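When the letters of the sequence shown are read in order and numbered with the working numbering, they come out as residues 2 to 289.
Below you'll find the structure, written out as structure tokens, and then a few comments.
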Amino acid sequence: MAMSERRQVLLQYLMPKQAMTAFGGLVASWRGGLATTAIIRWFIARYGVNMSEAADPDLRHYASFNAFFTRALRPGLRPVAAAELVCPVDGAISQFGTIRGGEIFQAKGHSYSAAALLGGDPGLARTFQDGIFATLYLSPRDYHRIHMPCDGRLLRMDHVPGELFSVNPVTARGVPGLFARNERVVCVFDSARGPFALVLVGATIVGSMATVWHGVVNPPRGRQIRRWDYEAGAVSLRQGEEMGRFLLGSTVVLLFPKGPLRFNEAWAPGREVRLGEAMADRPVRTGV
Numbered sequence: 002m003a004m005s006e007r008r009q010v011l012l013q014y015l016m017p018k019q020a021m022t023a024f025g026g027l028v029a030s031w032r033g034g035l036a037t038t039a040i041i042r043w044f045i046a047r048y049g050v051n052m053s054e055a056a057d058p059d060l061r062h063y064a065s066f067n068a069f070f071t072r073a074l075r076p077g078l079r080p081v082a083a084a085e086l087v088c089p090v091d092g093a094i095s096q097f098g099t100i101r102g103g104e105i106f107q108a109k110g111h112s113y114s115a116a117a118l119l120g121g122d123p124g125l126a127r128t129f130q131d132g133i134f135a136t137l138y139l140s141p142r143d144y145h146r147i148h149m150p151c152d153g154r155l156l157r158m159d160h161v162p163g164e165l166f167s168v169n170p171v172t173a174r175g176v177p178g179l180f181a182r183n184e185r186v187v188c189v190f191d192s193a194r195g196p197f198a199l200v201l202v203g204a205t206i207v208g209s210m211a212t213v214w215h216g217v218v219n220p221p222r223g224r225q226i227r228r229w230d231y232e233a234g235a236v237s238l239r240q241g242e243e244m245g246r247f248l249l250g251s252t253v254v255l256l257f258p259k260g261p262l263r264f265n266e267a268w269a270p271g272r273e274v275r276l277g278e279a280m281a282d283r284p285v286r287t288g289v
């Protein structure tokens, strides 16, 4: 890492991340009228947010920053590809590939265990032994709702308390086990191809994470893992349907069991991706 990046990572360890996140959550939920609109205008200019894609581009209609940040897209803007798995978010690819020896690749010189990511559940982690994973980073300018990569029936949801490091590419290169250290919400689904996990990873200033079936999961922020189990069929979502959202941006990690699926050949670390594009599919068989 360059010296400037090392300094950025060191600062991450020193910052009062919990206090900053609590304050950020208060500001983001504040209904400040013209002041809120001014904050939104600054944010759009600072990060280059494309409001032409929003279902409602009129900034005056967003009562809070959170309402703006979790804005809906125009209907039909992100068609769902004809693929086994589709990308669940707008963002950029951090890493993807095979889960080898129970380890998930984070960045050069860094990996972390699937068991740690899943809240210390080795039994669940074994389900994904030699399976595949994808880590997708949502930048501040992106659309921040998360959708289903395939049809799924919810089995359980865990809120795993943790740190609140930034999850930008610099921090991913410099903080060991970043995604298994940060606060996260682990959603486990069953599907036609077996179970899969969709993990929403929190970060500095991420005030909360929410799902469509539960609402806001955090806060509260305790010290123990909280778990909710769901009866078969209680929550079923179709491919492309919204499943949750970040109130300020972060990262999604997806885990799938070993099988015949292969990632989109166009995918590469750092590449921008869009909700609904093909993520993985079965290899095409060629005739003799």
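For every residue, glycine included, the Cβ atom is placed at its ideal position computed from N, Cα and C.
Quick caveat: nothing in here was measured; it's all calculated off a predicted structure.
#1: Given a threshold of 16 other Cβ atoms within 10 Å of its Cβ, counted over all protein chains shown, does residue 35 qualify as buried or as exposed?
#2: Please name the residue in 107, 101 and 52 whose C-alpha comes closest to that of residue 270.
#3: Considering only C-alpha positions, which residue in the set 159, 55 and 275 is nearest to residue 87?
#4: Assign residue 148 to buried or exposed, taking buried as 16 or more other Cβ atoms, counted over all protein chains shown, within 10 Å of its Cβ.
#5: Can you tell which of 197, 124 and 180 has the C-alpha that lies nearest to the C-alpha of residue 85?
#6: Between which two residues does the beta strand (DSSP E) holding residue 154 run?
#7: In three-state DSSP terms, what is residue 265?
#8: Hey, residue 50 and residue 40: beta-carbon distance below 9 Å or not?
#9: Can you tell me where the beta strand (DSSP E) holding residue 214 begins and where it ends?
#10: Rounded to the nearest angstrom, what separates residue 73 and residue 54 at their Cα positions?
#11: Mind reading off the beta-carbon distance from residue 220 to residue 237? Whole number of angstroms is fine, and I expect it under 8 Å.
#12: Rank 91, 174, 171 and 151 by C-alpha distance to the C-alpha of residue 242 and give the top, closest one.
#13: Can you list, in chain order, the stretches of the beta strand (DSSP E) that have 3 or more residues and sit fully within the region 37–78?
#14: Quick one: give me the first and last residue of the alpha helix (DSSP H) that residue 172 is part of.
#15: Can you check whether the CB of residue 178 is closer than 9 Å to the CB of residue 138?
#16: Taking C-alpha atoms, which residue in 98, 48, 282 and 153 lies nearest to residue 261?
#17: Rounded to the nearest angstrom, what separates residue 234 and residue 215 at their Cα positions?
#18: Can you tell me whether DSSP reads residue 116 as helix, strand or coil?
#19: Would you list the residues sitting across from residue 31 in a DSSP beta bridge?
#20: Looking only at its chain, what residues have a beta carbon closer than 6 Å to the beta carbon of residue 273, apart from the 5 residues adjacent to it on each side?
Reading it off the structure:
#1: Position 34 of the sequence shown, counted from the first residue, corresponds to residue 35. Answer is exposed; the Cβ neighbour count stays below 16.
#2: In the sequence shown, residue 270 corresponds to position 269, counting from 1. Among 107, 101 and 52, the Cα nearest to that of residue 270 is on 107.
#3: Stepping through the sequence shown from its first residue, residue 87 is reached at position 86. Cα-wise, what sits closest to residue 87 is 275.
#4: On the sequence shown, residue 148 is found 147 positions in, with the first residue counted as 1. Buried: at least 16 other Cβ atoms inside 10 Å.
#5: Residue 85 sits at position 84 when you count from the first residue of the sequence shown. Answer by Cα proximity: 197.
#6: Numbered from 1 along the sequence shown, position 153 holds the residue referred to as residue 154. Segment 153–161, the beta strand (DSSP E) holding residue 154.
#7: To locate residue 265, count along the sequence shown from 1; it is residue 264. Residue 265: coil per DSSP, three-state reduction.
#8: As a working note, residue 50 is residue 49 in the sequence shown. As a working note, residue 40 is residue 39 in the sequence shown. No, the pair does not count as a contact, with Cβ atoms beyond the cut-off.
#9: Against the sequence shown, residue 214 aligns to sequence position 213. Run containing residue 214: none; DSSP gives neither H nor E here.
#10: Looking up residue 73 in the sequence shown gives position 72. Looking up residue 54 in the sequence shown gives position 53. C-alpha separation (whole angstroms): 9 Å.
#11: Along the sequence shown, read from residue 1 onward, the residue named residue 220 stands at position 219. Along the sequence shown, read from residue 1 onward, the residue named residue 237 stands at position 236. Actually they do not touch by this definition, with Cβ atoms about 28 Å apart.
#12: Position 241 of the sequence shown holds residue 242. Nearest of 91, 174, 171 and 151 to residue 242, Cα basis: 151.
#13: none
#14: Here residue 172 is taken as the residue at index 171 of the sequence shown, counted from 1. Residues 170–175.
#15: Here residue 138 corresponds to residue number 137 of the sequence shown, with the count starting at 1. Here residue 178 corresponds to residue number 177 of the sequence shown, with the count starting at 1. Not in contact: residue 138 and residue 178 (Cβ atoms no closer than 9 Å).
#16: Residue numbering aside, residue 261 sits at position 260 when the sequence shown is read from its first letter. Minimum Cα distance to residue 261 is reached at 282.
#17: Reading the sequence shown from its first residue, position 233 is the one you call residue 234. Reading the sequence shown from its first residue, position 214 is the one you call residue 215. Roughly 15 Å separates the two Cα atoms.
#18: Walking along the sequence shown from the start, residue 116 turns up at place 115. Here residue 116 sits in helix by DSSP.
#19: Taking the first residue of the sequence shown as 1, we reach residue 31 at position 30. DSSP, once it has assigned bridges, lists no residue as partnering residue 31.
#20: Counting from 1 along the sequence shown, the entry for residue 273 is found at position 272. So the list reads 93, once near-sequence residues are dropped.
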